[in-house]
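Numbering (our numbering), first residue to last: 388 to 641.
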């Protein structure tokens, strides 16, 4: 199934259509979908995820069911190379998701799935402080078995959150969402990666000046070199190589 939204501008990055909207318009687009109960799966594309999509056909096909938002300097560079301009805004999930929660003043039901039990509970508490107008409920941590899925989906049907945040890592979270979630379970579902870890303080974010300079990836590499070296030291040049190949083929990122 392909999610076709002719009213939302997009740019293809290595075959993945990525939403090209300014920050405020992107927030308002999500708010309108919530108000209209227009179901959507939402995730982000950065250099790492784009590499995974090139290497994992199932993941690449699953992304056709999502509204994909741009995340990070890598996809901006790719957009410049392939389309002549960067994306209108860096809609990274670590900033965009909390901004959406605070922008929506009407009380919403917000469900959380993912991370370790203690992390998701701390993240929920932080979200309650950030946006006290909403009801924040932990649906499940991220360490459930396939046999637990029917129970989790039944909880979602009964609770039916306006916003569901799924933090199980890429591509597991997207595959779970694409396979199981429909309008019966929630209005909008977001695959938010490490957001709960950041929100709970389990993983520190880069200082604001580093974020503004768009070197947050370098900060993460310094924090977790053993886990992140391949993603950034190998993955970033590989991503740019793939983008240049796409440019030479004249495929506009296809």
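Glycine included, C-beta positions come from ideal geometry on N, C-alpha and C. All figures in this text were calculated on a predicted structure; none of them were measured in a lab.
Residue range of the unbroken beta strand (DSSP E) whose run includes residue i
i	result
residue 398	397-400
residue 577	575-578
residue 457	453-457
residue 425	Premise fails: residue 425 is in no beta strand (DSSP E) and is neither H nor E.
residue 498	496-501
residue 553	550-554
Cβ-based burial, residue i [other Cβ within 10 Å; buried from 16]
i	result
residue 558	buried
residue 523	buried
residue 398	buried
residue 616	exposed
residue 631	exposed
residue 636	exposed
residue 391	Below a pLDDT of 50, predicted positions are generally treated as unreliable, and residue 391, at 46, falls in that range; the measurement from the model is reported next regardless. Counting Cβ neighbours within 10 Å, residue 391 comes out exposed, since fewer than 16 surround it.
residue 414	buried
residue 462	buried
residue 493	exposed
residue 550	buried
residue 484	buried
residue 624	exposed
residue 621	exposed
residue 394	exposed
residue 528	buried
Three-way DSSP call (helix, strand, coil) for residue i in this model
i	result
residue 514	helix
residue 624	helix
residue 522	strand
residue 448	helix
residue 589	coil
residue 615	helix
residue 635	helix
residue 407	coil
residue 481	helix
residue 527	strand
residue 597	helix
residue 430	strand
residue 443	coil
residue 472	coil
residue 492	coil
residue 581	coil
residue 394	coil
Check: residue i C-beta below 6 Å from any heavy atom of the ligand ATP
i	result
residue 550	In the structure on display, the ligand ATP does not appear, and there are no ligands present to speak of.
Pair within 7 Å by beta-carbon distance, residue i and residue j
i	j	result
residue 426	residue 580	no
residue 385	residue 453	With the chain running from 388 to 641 in the structure shown, residue 385 is simply not present.
residue 577	residue 552	yes
residue 474	residue 407	yes
residue 430	residue 561	yes
residue 543	residue 521	no
residue 599	residue 468	no
Residue range of the unbroken alpha helix (DSSP H) whose run includes residue i
i	result
residue 543	536-546
residue 695	An answer regarding residue 695 cannot be provided, because it is not within the stretch 388 to 641 covered by the chain.
residue 571	No alpha helix (DSSP H) contains residue 571, which DSSP labels as neither H nor E.
residue 533	Taken as a continuous stretch (DSSP letters only), residue 533 belongs to no alpha helix (DSSP H), as it is neither H nor E.
residue 609	603-610
Contact with chain E by residue i, beta-carbon distance below 7 Å
i	result
residue 497	Checking the listed chains, one finds no chain E in this structure; it contains a single protein chain.
At a cut of 8 Å, does the stretch 575-594 reach the stretch 501-510 through at least three beta carbon pairs? With three or more CB-CB distances shorter than 8 Å, the stretch 575-594 counts as touching the stretch 501-510.
Given 8 Å as the limit, is there contact between the stretch 425-438 and the stretch 400-417, that is, 3 or more CB pairs closer than that? Yes: the two stretches touch, three or more of their Cβ pairs being nearer than 8 Å.
Determine contact between the stretch 448-463 and the stretch 478-487, defined as no fewer than three beta-carbon pairs at a distance below 8 Å. The stretch 448-463 vs the stretch 478-487: in contact.
Tell me whether the stretch 586-595 and the stretch 506-515 touch, counting them as touching only if at least three CB pairs, one residue from each stretch, are closer than 8 Å. A contact exists between the stretch 586-595 and the stretch 506-515.
Is the stretch 530-543 close to the stretch 412-424, with three or more CB pairs under 8 Å? Judged by Cβ distances under 8 Å, the stretch 530-543 makes no contact with the stretch 412-424, as fewer than three pairs qualify.
With three or more beta-carbon pairs closer than 8 Å as the criterion, would you say the stretch 405-420 touches the stretch 534-547? As far as the Cβ criterion goes, the stretch 405-420 does not touch the stretch 534-547, which means the pair count is below three.
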